[in-house]
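**Student:**
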Amino acid sequence: MGIIKVLLADGQILVRNGIKSLLKEEKDIYIVGEASNGDEALEKVKALQPDVLVLAIELSNPNGIEVAKKVREYSDQTKPLILTTFKSEDYVMQSIESGAEGYLLKDANEGELIEAIKRVYDGQKYFSSIVSGILVNNYLKIRHPKEAKAIKEFDLTKRELEVLQLIANGMSSREISAQINTSIRTVQVHRFNIMKKLNVKNVVELINIAFSNNLIEQLA
Numbered sequence: 463m464g465i466i467k468v469l470l471a472d473g474q475i476l477v478r479n480g481i482k483s484l485l486k487e488e489k490d491i492y493i494v495g496e497a498s499n500g501d502e503a504l505e506k507v508k509a510l511q512p513d514v515l516v517l518a519i520e521l522s523n524p525n526g527i528e529v530a531k532k533v534r535e536y537s538d539q540t541k542p543l544i545l546t547t548f549k550s551e552d553y554v555m556q557s558i559e560s561g562a563e564g565y566l567l568k569d570a571n572e573g574e575l576i577e578a579i580k581r582v583y584d585g586q587k588y589f590s591s592i593v594s595g596i597l598v599n600n601y602l603k604i605r606h607p608k609e610a611k612a613i614k615e616f617d618l619t620k621r622e623l624e625v626l627q628l629i630a631n632g633m634s635s636r637e638i639s640a641q642i643n644t645s646i647r648t649v650q651v652h653r654f655n656i657m658k659k660l661n662v663k664n665v666v667e668l669i670n671i672a673f674s675n676n677l678i679e680q681l682a
């Protein structure tokens, strides 16, 4: 790995100084410059051609998301890495859609920041654990809405949701155990946990609440 040229873009000088202090001992990371607002960040991207732009969403004139969108107009090699206090799904998804290669929270430790910079430089994506969870939830909502609802509202596991569907299909515990390759006892435990989480006393109530909450598919 060669020397990674990094540009820091954050409106707070204390944050920029803190990052520089964290990275100063890294022999393969070199801070080529810093910017305090969006326009300055884009000007320095064009002039300095950094490998990685460590970028705060909180920037002004324009904000970090808008800067990330425009980076490719100024440099083909510069990869935006978001470093922010914002951890809402909206900011995460906007940042990724804008072209950010990574998303890291400002409470990350030194090692995580260094790893994020190196991974992004190597052409990989990097997301902190909290952000990864947000991305998984977003994927589930889009691709698997029933699973997302079951997890969020009823605390059902993926396996419990699978067992619930098989119960709704009219299968016995023995048939379910053969279908999912587990013991009858394990299936019975799943049944008990599902009924407890959905607060029902029998299978009829279970199926009714599952259908009414759109947790399972109705057979044709």
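In this text, residue positions in the sequence shown follow our numbering: the first is 463, and each later residue adds one. Virtual Cβ for every residue (Gly too), placed ideally from N, Cα, C.
Using beta-carbon positions only, say whether A570 and I544 come within less than 8 angstroms of one another.
**Tutor:** For the purposes of this step, residue 570 is taken as the residue at position 108 of the sequence shown. For the purposes of this step, residue 544 is taken as the residue at position 82 of the sequence shown. The answer is no: Cβ separation not under 8 angstroms.
**Student:** Flag this pair as yes or no: are the beta carbons of K541 and D501 separated by less than 8 angstroms?
**Tutor:** The residue labelled residue 541 in the question sits at position 79 within the sequence shown. The residue labelled residue 501 in the question sits at position 39 within the sequence shown. In this structure, D501 does not lie closer than 8 angstroms to K541 by Cβ.
**Student:** If I measure Cβ to Cβ from A682 and keep anything under 8 angstroms in the same chain, skipping five residues before and after, which residues do I get?
**Tutor:** As a first step, residue 682 must be located in the sequence shown, where it is residue number 220. In this prediction, A682 has a pLDDT of 39, which is less than 50 and means its spatial position is unreliable; what the coordinates show is noted afterwards. Closer than 8 angstroms at Cβ, skipping near neighbours: no residue.
**Student:** To the nearest angstrom, report how far apart L602 and I678 are at their CA atoms.
**Tutor:** Stepping through the sequence shown from its first residue, residue 602 is reached at position 140. Stepping through the sequence shown from its first residue, residue 678 is reached at position 216. Confidence at L602 is low in this model, with a pLDDT of 47, below 50, so the placement of that residue is unreliable and no value is reported for it.
**Student:** Taking three-plus beta-carbon pairs below 8 angstroms as touching, is the region 517–532 in contact with the region 480–489?
**Tutor:** The answer is no - the region 480–489 does not touch the region 517–532, with fewer than three Cβ pairs under 8 angstroms.
**Student:** Given this structure, state the Cα-to-Cα distance separating I579 from Q556, to the nearest angstrom.
**Tutor:** Your numbering for residue 579 matches position 117 in the sequence shown. Your numbering for residue 556 matches position 94 in the sequence shown. Those two C-alpha atoms are separated by around 20 angstroms.
**Student:** In terms of alpha-carbon separation, which member of E574, N661, F589 and L504 lies closest to E615?
**Tutor:** Locating residue 615 in the sequence shown gives position 153, counting from the first residue. Checked all of E574, N661, F589 and L504; the closest Cα to E615 is N661.
**Student:** Return the CA-CA distance between I604 and E572, expressed in angstroms with no decimal places.
**Tutor:** Here residue 604 refers to the residue found at position 142 of the sequence shown. Here residue 572 refers to the residue found at position 110 of the sequence shown. Any reading at I604 must be qualified, since the residue scores a pLDDT of 49, below 50, and its modelled position is unreliable; no value is offered.
**Student:** Under three-state DSSP, which class holds G480?
**Tutor:** The residue labelled residue 480 in the question sits at position 18 within the sequence shown. Helix at G480.
**Student:** Counting only the same chain and skipping the five closest in sequence on each side, list residues whose C-beta sits under 6 angstroms from that of K489.
**Tutor:** In the sequence shown, the residue the question calls residue 489 occupies position 27. No residues qualify anywhere along the chain.
**Student:** List the whole-angstrom C-beta distance separating I642 from E622, where the pair is believed to meet the contact cut-off of C-beta under 8 angstroms.
**Tutor:** One-based indexing of the sequence shown puts residue 642 at position 180. One-based indexing of the sequence shown puts residue 622 at position 160. About 11 angstroms; that fails the 8 angstroms criterion.
**Student:** What's the gap between the Cα of G564 and the Cα of A630?
**Tutor:** Here residue 564 refers to the residue found at position 102 of the sequence shown. Here residue 630 refers to the residue found at position 168 of the sequence shown. C-alpha separation (whole angstroms): 42 angstroms.
**Student:** If you follow the alpha helix (DSSP H) that G500 is part of, which residue opens it and which one closes it?
**Tutor:** Taking the first residue of the sequence shown as position 1, residue 500 is located at position 38. From DSSP, the alpha helix (DSSP H) with G500 extends over G500 to L510.
**Student:** So L510 packs on V533, CB below 8 angstroms; how close in whole Å?
**Tutor:** As a working note, residue 510 is residue 48 in the sequence shown. As a working note, residue 533 is residue 71 in the sequence shown. Between V533 and L510 the Cβ distance is about 12 angstroms, and since that is not below 8 angstroms, they are no contact.
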